[in-house]
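Colleague: Sequential numbering of the sequence shown, starting at 26, is according to my numbering.
Virtual Cβ for every residue (Gly too), placed ideally from N, Cα, C.
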Amino acid sequence: GTTKDTLVLSNSAYLNHDLKIAEMFSAIGVDYYDFVLSKLDFSKAEHAAGEINSWVEKKTNGKIKDLMSP
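1. Tell me, to the nearest whole angstrom, how far the beta carbon of A38 is from that of F60; I am working on the premise that it is less than 8 Å.
2. Which class does N79 belong to by DSSP, given the choice of helix, strand or coil?
3. Would you say I53 faces chain C, with C-beta separation under 8 Å as the test?
4. Is the distance from the Cβ of S79 to the Cβ of L62 below 8 Å?
5. What three-state label does DSSP hand A52 in the structure shown?
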């Protein structure tokens, strides 16, 4: 039989919400490394883990659901 395997790469970076990031760094991330830069309040661990896990689950088509724990 024939199998069709697929490799999909996705990148994302998460920073604490109160950190300031140079606009140039954000632009380089998007333009050259194809990653999304998101800010989260890591003091709210449940919410932060949920946001990251939602992104991972979406990008893996539901294959990975709980990568992060609070």
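Modeller: If we stick to the structure as given:
1. Contact holds; Cβ gap of about 6 Å.
2. Checking the displayed sequence, the identity of residue 79 turns out to be Ser instead of Asn. Helix, per DSSP.
3. Protein chain content of the structure displayed is limited to a single chain, and chain C is not contained in it.
4. No.
5. The three-state secondary structure of A52, taken from DSSP, is helix.
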